[in-house]
């Protein structure tokens, strides 16, 4: 599919993988609706991309973890009279630590952003795509979606949901002109892990956001249902097929166990920064 002159909506577009989706799609001539909480970052990015590629870019500052915001976002797109050809559900964040010690309020927001907003956004924008018999939905999952994650229990479960949800809708829409695709990156070179106090959760060599998005757009074009960028990440994602669940849990748990003396700001939902809202890479 070509995005020249068509509209793409990117959530979590102010940094990391979301920003790279915006940059690479703009380079292809796509118009953009950029969504995140940080309006100043979005405005700066939109201005740069308009000047560099001559595309249109709309900025919508919104927190998609709040109830009803996906519907509000959809209505704003209707008012702007833009038909979204490509929906990229990228916004998300993780919590790290013993489940009972992490703020329950923050973990609820994690589920709302990582799961509920993905479902709601897809349900809102898909009918318009079906009416045109054309469109694509990219959901950013993670290698975390392939096995349970001790100490990041809610995050791993949300990404397993995103992967399963996307694969099911790929099958439902495979003959209806709509592409569904799940991007499942491993550790990626952003400030995410430092912000959530979980550098130990970053396993292996970090990829770059640029390369992750290049791989994703190429895999989408090839008609794949999902992609795990990087050979090591792919092999790691398949590990649970060759060892028992208990062995997998012991291995993963030992790698991402909170370091001794660990004190996470995950306990304080008021300390969330914009970077912490990026999807874990």
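Numbering (UniProt numbering), first residue to last: 1 to 281.
Beta carbons are placed, not taken as given, at the ideal position from N, Cα and C, and that holds for glycine.
Close Cβ partners of residue i (< 8 Å) along its chain, the five nearest in sequence each way excluded
i: residue 19; result: 13, 45, 209
i: residue 55; result: 26, 29, 30, 31, 32, 49
i: residue 337; result: The structure shown does not extend to residue 337, since the chain spans only 1 to 281, so no value can be given for it.
i: residue 84; result: 7, 8, 9, 33, 77, 125, 128, 129, 135
i: residue 3; result: 25, 28, 29, 30, 85, 86
i: residue 243; result: 251
i: residue 120; result: 70, 71
i: residue 214; result: 24
Cβ-based burial, residue i [other Cβ within 10 Å; buried from 16]
i: residue 175; result: exposed
i: residue 245; result: exposed
i: residue 65; result: buried
i: residue 219; result: buried
i: residue 179; result: buried
i: residue 103; result: buried
i: residue 147; result: buried
i: residue 92; result: buried
i: residue 142; result: buried
i: residue 236; result: buried
i: residue 183; result: buried
i: residue 133; result: exposed
i: residue 1; result: exposed
i: residue 47; result: exposed
Where the alpha helix (DSSP H) containing residue i begins and where it ends
i: residue 154; result: 153 to 173
i: residue 32; result: It is not in any alpha helix (DSSP H) - residue 32 instead sits in the beta strand (DSSP E) that spans 31 to 36.
i: residue 4; result: Per DSSP, residue 4 belongs to no alpha helix (DSSP H) and is neither H nor E.
i: residue 125; result: 117 to 132
i: residue 21; result: 16 to 27
i: residue 107; result: 104 to 111
i: residue 256; result: 245 to 256
Residue range of the beta strand (DSSP E) that includes residue i
i: residue 135; result: 135 to 140
i: residue 213; result: Counting along the chain, residue 213 falls outside any beta strand (DSSP E), though it belongs to the alpha helix (DSSP H) covering 209 to 221.
i: residue 179; result: 178 to 183
i: residue 8; result: 7 to 11
Integer-rounded CB distance, given that residue j should sit under 8 Å from residue i
i: residue 95; j: residue 155; result: 6 Å
i: residue 139; j: residue 89; result: 5 Å
i: residue 127; j: residue 252; result: Wrong, their Cβ atoms sit about 39 Å apart, outside the cutoff.
i: residue 34; j: residue 59; result: 5 Å
i: residue 17; j: residue 162; result: Incorrect: roughly 14 Å between the Cβ atoms, too far for contact.
i: residue 99; j: residue 153; result: 5 Å
Sequence-distant residues of its chain with Cβ nearer than 7 Å to residue i (five each side left out)
i: residue 230; result: 186, 207
i: residue 124; result: 70, 71, 74
i: residue 241; result: none
i: residue 22; result: 10, 13, 32, 34, 45, 49
i: residue 158; result: 110, 111, 114, 115
Close beta carbons around residue i, own chain, < 6 Å, minus the five adjacent residues each side
i: residue 167; result: 225
i: residue 36; result: 12, 13, 14, 42
i: residue 177; result: 133, 134
i: residue 82; result: 7
i: residue 160; result: 145
List, from N- to C-terminal side, the alpha helix (DSSP H) runs of 4 residues or more that fit wholly inside the segment 29 to 98.
39 to 53, 69 to 80
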